[in-house]
Amino acid sequence: MAWSAAQYVKFEDERTRPARDLLAQVPDLPEGPLFDIGCGPANSTELVAGRFAGAELTGVDSDADMLTAARQRLPEVPFVQGDLTDWRPDRPPALLFANAVLQWMPDPAASITQLAGMLVPGGVLAVQMPDNLDEPTHRAMREIAAEPEFAQAYGAGLPNRESLPAPSRLIDLLSPLCARVDVWHTIYYHRLEGAEAIVEWVKGTGLRPYLAPLSGELRQRFLTRYLERIRAAYPPLADGRVLLRFPRLFLVAVRNENVPA
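In my numbering, the protein residues as written are 971 to 1231.
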């Protein structure tokens, strides 16, 4: 599935705020390389580069369009193409920064545990993941995709994301490796111009796997049905705009000093 950097950055301020909030909780780092994994168009990489000026920082993403945008934005930072299902750093990292990417992994909890095991002693894993599968935006995707008109386009199964692991599970998995494990939720309320803006938002992320298999006409029918559902689920505020409720899960884990990498 190809991604679109231009679509993603339509709401760059709103998408970057969680990365800022995550980075604010990252402590000082030990010696070692820094990686922004799933870096997208480098909006999060730019934050990490500003916080840790002079550090050895690399951006990693699987999508060519995102990497092109990232290299244009930060030409001084190396960006490499890599699939996080099998990506490995060349040296143990001091920071793995994963903003809004690990929710796409087949088993996010396993990926988080694996990444924590790559860190140098004292290294930091910083993770933010959308926790919005139960929001109207994502319920509507799944329900429309399951309708007979669309379901046959998805073959063996719908492209539904896995639910995120419970905070208690993350803490249990990481505590043997990490001296500190902080997990928290934040709910953002984004005031957007209308239901159409919500559709544009999710077209850059969660809606993409549902649209990708559809032909032009079928895709347009899906989007028409989806916009109807979004209009019903997000009534206008007094000023005519709509309020998008967006829960996100955060994690910062610091690897134990006496656990070898």
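Glycine residues also receive a C-beta, built at the ideal position from the N, C-alpha and C atoms.
According to the DSSP assignment, Val1050 belongs to the beta strand (DSSP E) that extends over 1049 to 1051.
Assignment of Asp1152 by DSSP, reduced to helix, strand and coil, places it in the strand class. Closest option to Pro988, judged by alpha-carbon separation, among Glu1227, Asn1228, Arg1225, Leu1219: Leu1219. DSSP places Gln995 in the coil class of the three-state scheme, outside both helix and strand.
In the DSSP assignment, Leu1095 falls within the unbroken beta strand (DSSP E) covering 1094 to 1100. Assignment of Pro1217 by DSSP, reduced to helix, strand and coil, places it in the strand class. With contacts defined by Cβ atoms closer than 8 Å, His1160 and Leu1214 form a contacting pair. Per DSSP, Asp1142 is one residue of the alpha helix (DSSP H) stretching across 1137 to 1144. Within 10 angstroms of the beta-carbon of Arg985 lie 16 or more other beta-carbons, which makes it buried. Contact check for Cys1009 against Ala1040 passes: the beta carbons are separated by less than 8 Å.
Straight across, the Cα-Cα distance linking Pro1076 with Gly1210 is about 39 Å. With contacts defined by Cβ atoms closer than 8 Å, Leu999 and Ala1068 do not form a contacting pair. Annotated as proximal: Leu1004 and Leu1027, with beta-carbon spacing under 8 Å. Residues of the same chain with a CB within less than 6 Å of the CB of Arg1150, apart from the 5 flanking positions on each side, are Val1224 in chain order. Note that the segment 1184 to 1202 does not touch the segment 1138 to 1148; fewer than 3 beta-carbon pairs, one per stretch, sit closer than 8 Å. Distance from the CA of Thr1015 to the CA of Gln1073, rounded to the nearest whole angstrom, comes to 19 Å. DSSP places Gly1029 in the uninterrupted beta strand (DSSP E) bounded by 1027 to 1031.
Within the same chain, Cβ atoms closer than 8 Å to the Cβ of Trp1057 are found at Ile1007, Val1030, the five residues on either side in sequence being excluded. Proximity of the segment 1092 to 1111 to the segment 1170 to 1189 meets the contact definition, three or more beta-carbon pairs being nearer than 8 Å.
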